[in-house]
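In UniProt numbering, the protein residues as written are 1 to 317. Just so you know, even glycine gets a beta-carbon here, dropped at the ideal spot from N, CA and C. Here the structure is a predicted model, which is why all the values come from computation and not from measurement. Read through the structure below, which is laid out as structure tokens, and then see the notes.
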């Protein structure tokens with residue numbers, strides 16, 4: 001059994017938006033930060049939906065069920081708002097957008113459970129690989145959870161709502177959320193709506209932006225941030241002895257008068273992984289680079305420990 005994370009968890013914090021119709025791909029290509037025109041059946045797309053100012057209003061994990069049928073997994077607390085805003089851009093496009101959450105079952109697989117349910121033998125596929133378990137069920141490989149030298153594979157199981165859950169050891173939902181934080185990949189939720197441009201969450205380094213595709217809302221800001229050296233905030237991981245939550249301000253202990261960062265995503269560590277009897281929390285924090293070497297703290301003075309990202313920031317774009 002994987003000592004870090006292992007098993008299966010339902011994912012009630014996520015929802016499913018559906019884009020169907022002969023222009024579904026073309027429509028998403030014109031709205032999101034990644035390239036959906038080149039999305040194949042064996043791929044998933046990580047992408048953001050931005051305001052005209054380049055601020056993220058939602059992030060998605062997209063898969064193509066058919067040429068005219070694409071599913072977008074996003075934070076449940078933003079789905080209704082995102083559906084309304086995306087629908088404003090449909091106009092005469094031959095695409096139908098709908099909330100398909102009730103039509104699909106979403107589970108998170110971690111550790112040995114990923115290997116057990118991955119079709120074929122050998123090494124696990126790279127993140128953002130989408131495998132067909134059968135005609136209607138997809139296994140989407142994600143970035144692994146990493147803590148020190150320990151790591152746990154992670155994947156989304158996406159199937160029609162009537163499909164039985166895959167067999168695996170039960171994994172608590174809060175433990176899955178902890179694995180999301182340990183992966184270093186944060187998704188936009190209601191508390192962080194329009195708080196970040198994609199690069200603040202390192203999306204260019206985790207295949208969430210395609211800089212060669214055509215226009216989409218906020219593209220000019222996103223491109224300018226990348227190519228004119230305007231990235232002044234980045235996501236990093238921290239550990240905290242006290243509870244943290246998305247949208248919470250973070251401070252430099254040497255200059256506590258003004259916030260220098262904000263929590264993008266946070267979760268409580270499972271029993272046995274907390275580092276102290278009192279427990280512990282892990283978080284992805286968007287921090288001003290000028291404070292990257294600072295001693296960080298909460299508003300109440302609780303000291304935070306900075307941790308390395310589990311992936312490299314790209315410099316070859």
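Buried versus exposed call for residue i [16 or more other C-beta atoms within 10 Å across all chains shown]
i           : result
residue 50  : buried
residue 189 : buried
residue 215 : exposed
residue 134 : exposed
residue 314 : exposed
residue 184 : buried
residue 18  : buried
residue 104 : buried
residue 138 : buried
residue 352 : Within the shown structure, residues of the chain are numbered from 1 to 317, placing residue 352 beyond reach of any answer.
residue 180 : buried
residue 98  : exposed
residue 120 : exposed
residue 81  : exposed
residue 147 : buried
Close-in-space but distant-in-sequence residues of the same chain around residue i (CB under 7 Å, 5 per side omitted)
i           : result
residue 263 : 244, 245, 246, 247, 248, 250, 283, 285
residue 221 : 53, 54, 197
residue 223 : 211
residue 236 : 285, 287, 306, 309
residue 88  : none
residue 200 : 233, 234, 235, 286
Cβ shell of residue i (< 8 Å), same chain only, five flanking positions each side left out
i          : result
residue 11 : 106, 107, 108, 156, 173, 176
residue 1  : Since pLDDT at residue 1 reaches only 45, below the 50 mark, its modelled position is unreliable, and the value read off the structure follows with that caveat. Excluding positions up to five away in sequence, the list reads 111, 112, 169.
Contacting residues, own chain, Cβ-Cβ under 6 Å from residue i (five flanking each side not counted)
i           : result
residue 242 : 302
residue 72  : 17, 60, 62
residue 225 : 197, 199, 231
Whole-Å CB distance - residue i paired with residue j, under 8 Å assumed
i           : j           : result
residue 100 : residue 16  : 5 Å
residue 202 : residue 234 : 6 Å
residue 312 : residue 205 : 7 Å
Decide yes or no for the touch test of the stretch 34–46 against the stretch 116–130: beta carbon pairs closer than 8 Å, at least 3 of them. yes
Given 8 Å, three or more beta-carbon pairs between the stretch 289–309 and the stretch 252–269: At 8 Å Cβ cutoff, the stretches touch.
What alpha helix (DSSP H) runs, 4 residues minimum, are completely inside the UniProt domain "GCVT N-terminal" (12–111)? 24–29, 76–88
What beta strand (DSSP E) runs, 3 residues minimum, are completely inside the stretch 129–165? List check, beta strand (DSSP E) in window: 130–132, 138–141, 145–147, 150–152, 154–160.
Could you name each continuous alpha helix (DSSP H) segment of 4 residues or more that falls completely within the stretch 211–246, going from the start of the chain to the end? Correct list: 219–227.
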